[in-house]
Amino acid sequence: MKQKLDQGRFRMLNEMFYTTKSDEIKTMVDKDEELLHIYHRGYRSQVEKWPVRPLELIIKELSSSKGLVIGDFGCGDAALAERLSAKHTVHSFDMVAINDRVTPCDISNVPLDTGVLDVAVFSLSLMGPNYAQFIKEACRCLRKGGRLIIAEVSSRMAGRTKDAFVEAVIASGFKLSSLDDRDYFVLMKFAGYDGKGRLGKFPELKACTYKKR
375 MKQKLDQGRF
385 RMLNEMFYTT
395 KSDEIKTMVD
405 KDEELLHIYH
415 RGYRSQVEKW
425 PVRPLELIIK
435 ELSSSKGLVI
445 GDFGCGDAAL
455 AERLSAKHTV
465 HSFDMVAIND
475 RVTPCDISNV
485 PLDTGVLDVA
495 VFSLSLMGPN
505 YAQFIKEACR
515 CLRKGGRLII
525 AEVSSRMAGR
535 TKDAFVEAVI
545 ASGFKLSSLD
555 DRDYFVLMKF
565 AGYDGKGRLG
575 KFPELKACTY
585 KKR
């Protein structure tokens, strides 16, 4: 019964989180942190059904080097930091500190100095109508020449939207390194940030829908 109740609340929260600005969500979850815990449980139950999870691909790539400073924006339970902290310095940000690896904040305004990151990661975390401000904040935190890795659910990148999104990131000062378009998600890697601080025109993204296996 509790599982069914959580599933229903997850669907409600999923829609709300994708249609509400991040500052409003932050206020909401500060009043009731259990909302975010319910969301993350539902999120994990969905993503665990996928044949390949984007975070595993991101971790695999970043594991091949060491000594990087990484920002994980919308980190959930900070699995990236848990897996990579022996090799890299990882700053993990989300609305609520699910564990002691997470710094709680609105990811449009994170407590990092300008130009300190080598890599910024968004793994299924561009939620809300102001998601472009998250990317703007990541750009502020990146050093010149830094990298940006973004994974998003395929349903949000359908048709022309994906091309418009990539063009907006390029217009923000990056070069596209690779694009891996899979059944469940799209994994985009950008490099060579020019450090100029401009922001491209990002398209509206639909609320997330998860494919059933």
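Heads up: the sequence shown begins at 375 in our numbering, then just goes up one per residue. Positions of the beta carbon are idealized from the N, C-alpha and C atoms, including for glycine.
Cα separation between residue i and residue j?
| i | j | result |
| --- | --- | --- |
| asparagine 388 | aspartate 406 | 16 Å |
| phenylalanine 564 | glycine 382 | 36 Å |
| phenylalanine 508 | asparagine 483 | 8 Å |
| glutamate 398 | alanine 471 | 17 Å |
| serine 497 | valine 421 | 12 Å |
| tyrosine 392 | phenylalanine 384 | 12 Å |
| glutamate 430 | lysine 423 | 14 Å |
| alanine 460 | phenylalanine 539 | 33 Å |
| aspartate 557 | valine 426 | 10 Å |
| arginine 587 | serine 546 | Only weak support exists for where arginine 587 lies, its pLDDT of 43 falling under 50; the value from the coordinates is given anyway. Near 35 Å, if we compare the C-alpha coordinates of serine 546 and arginine 587. |
| aspartate 568 | lysine 518 | 5 Å |
Name the residue from the options whose alpha carbon lies nearest to the alpha carbon of residue i.
| i | options | result |
| --- | --- | --- |
| methionine 448 | Asp555, Val464, Lys440, Ser438 | The amino acid at residue 448 is misidentified as methionine; the sequence shows glycine. Looking at the Cα atoms, Val464 is the closest of the given residues. |
| valine 543 | Glu435, Ser529, Glu511 | Glu511 |
| glycine 441 | Leu579, Ala453, Leu458, Asp404 | Leu458 |
| glycine 450 | Ala545, Lys434, Gly416 | Gly416 |
Provide the residue(s) that pair with residue i in DSSP beta bridges, ordered along the chain.
| i | result |
| --- | --- |
| aspartate 406 | According to DSSP, which records beta bridges pairwise, aspartate 406 is partnered with nothing at all. |
| lysine 563 | Ile523, Ser552 |
| phenylalanine 496 | Ile524 |
| aspartate 446 | Ser466, Val495 |
| valine 476 | Ser466 |
Could you have a look at residue i and say whether DSSP puts it in helix, strand or coil?
| i | result |
| --- | --- |
| phenylalanine 576 | coil |
| arginine 457 | helix |
| proline 485 | coil |
| arginine 517 | strand |
| asparagine 504 | coil |
| arginine 427 | coil |
| alanine 452 | coil |
| aspartate 397 | helix |
| glycine 416 | helix |
What do you reckon, are the CB atoms on residue i and residue j nearer than 8 Å?
| i | j | result |
| --- | --- | --- |
| arginine 514 | threonine 477 | no |
| lysine 536 | valine 560 | yes |
| arginine 475 | alanine 455 | yes |
| histidine 462 | leucine 436 | yes |
| leucine 573 | phenylalanine 548 | no |
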